[in-house]
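S.K.: Here it is, the structure, as structure tokens.
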Amino acid sequence: MNILVIEDEKRVADIMTKYLEKEGYTVFTCYTGKEGLDIYYRHKIDIVLLDLMLPDIQGEEICREIRQISNTYIFMITAKGSLDHKIEGFDIGADEYLVKPVSPREVVARVNALKNRKEREDNKDQLIFDKGRLKIYLEEHLVKINNEEVTLTPNEFDLLYELASSPGRVFTRDQLIEAVMGIDFDGFDRTIDVHIKNLRKKIEEDTKNPRYIKTVTGIGYKFEGESV
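Our numbering puts the last residue of the sequence shown at 229; the count rises by one with no breaks.
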């Protein structure tokens, strides 16, 4: 991730930069608002750490300008600590509002938490289990076992994705029918059993002792697998 630090206190900016670089981030550091915007427009920036009291352009104006064109994460770091200032900061688009003095370790912890959350969100389109043995790609509607593509029907794919998205959760047949076929489906709940049977033939090594799709007697099914 690329981080832009806009902070006119050079010592503060340099310390923050060193902490972030130690965590493996690429950091662009500047001490004025104009230079900060120049860097922002020239590089792909994932997070902006923004001081509000800058010598040339107020941080609030920088935040508004970025918000007009992007959803880049913005952390305001400022001595403006009143409730009104915080409310204004969030109103104009801040994702975090930290009041000085703030520990660089706290800044790094918040950046790391944001990165982890973003990675989880990005990975929703790709589910990987058992060290890559089973891979499910939502956007491509693609499933691979041991890197070999498996051909599934649309209903089989939707059923597998629904189960695998919540490992360990027990789904009733009605819940799976509603999720996969829609609430207006006018068939039998045992239709799911047929799809499960066919799905197991395609992804399980032993259909009588399935590794992934487990039967929960009297209720329905659940997915088990070690997520990566």
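We put the beta carbon where it would ideally sit given N, CA and C, even for glycine.
For clarity, every value in this text was computed on a predicted model and none was experimentally measured.
Need the endpoints of the beta strand (DSSP E) that Lys215 sits in, please.
M.R.: First-last of the beta strand (DSSP E) with Lys215: 214 to 217.
S.K.: So, with DSSP's three-state summary, where would you put Met77?
M.R.: strand
S.K.: Less than 7 Å between C-beta atoms, sequence neighbours within five positions excluded: which residues of the same chain meet that for Lys203?
M.R.: Val151, Leu153
S.K.: Output the boundary residues of the alpha helix (DSSP H) element that contains Val195.
M.R.: Where Val195 is concerned, the enclosing alpha helix (DSSP H) stretches over 192 to 204.
S.K.: Let me check understanding here. Comparing Cα to Cα, which of Phe158, Ala165, Asp194 lies closest to Arg174?
M.R.: Between Arg174 and the set Phe158, Ala165, Asp194, the nearest pair of CA atoms involves Asp194.
S.K.: Rounded to whole angstroms, what's the CA-CA distance from Cys31 to Phe76? Just pull it up for me.
M.R.: 15 Å
S.K.: Among Leu128, Asn147, Gly133, which one has its Cα closest to the Cα of Glu141?
M.R.: That would be Leu128, whose Cα lies nearest to the Cα of Glu141.
S.K.: Looking only at C-alpha atoms, which of Asn147, Lys198, Lys132 sits nearest to Leu160?
M.R.: Lys198
S.K.: Measuring straight from C-alpha to C-alpha, what distance separates Glu149 and Leu164?
M.R.: Cα to Cα, the separation comes out at about 21 Å.
S.K.: Quick check on Tyr32: does DSSP put it in helix, strand or coil?
M.R.: coil
S.K.: Taking Gln127 as part of the beta strand (DSSP E), name the residues at either end of that continuous run.
M.R.: 127 to 130
S.K.: For Gly226, which residues of its own chain have a beta-carbon under 8 Å away from its beta-carbon, when the five flanking residues on both sides are left out?
M.R.: Phe130, Asp131, Leu135, Ala165, Pro168, Arg212, Tyr213
S.K.: Would you call the region 83 to 98 and the region 32 to 39 touching, i.e. three or more CB-CB distances under 8 Å?
M.R.: These segments do not touch.
S.K.: Between Leu50 and Ile93, is the Cβ-Cβ spacing less than 8 Å?
M.R.: Contact annotation: Leu50 and Ile93 have beta-carbon atoms that are not nearer than 8 Å.
S.K.: So Ile4 and Val112 are in contact, right, with Cβ under 8 Å, and what is the actual spacing, rounded?
M.R.: 7 Å
S.K.: Could you give the residue range of the alpha helix (DSSP H) that holds Lys11?
M.R.: 11 to 23
S.K.: CB Lys101 to CB Arg170, shorter than 8 Å?
M.R.: Not in contact: Lys101 and Arg170 (Cβ atoms no closer than 8 Å).
S.K.: When the Cα atoms are used, what is the spatial distance from Glu62 to Leu53?
M.R.: 9 Å
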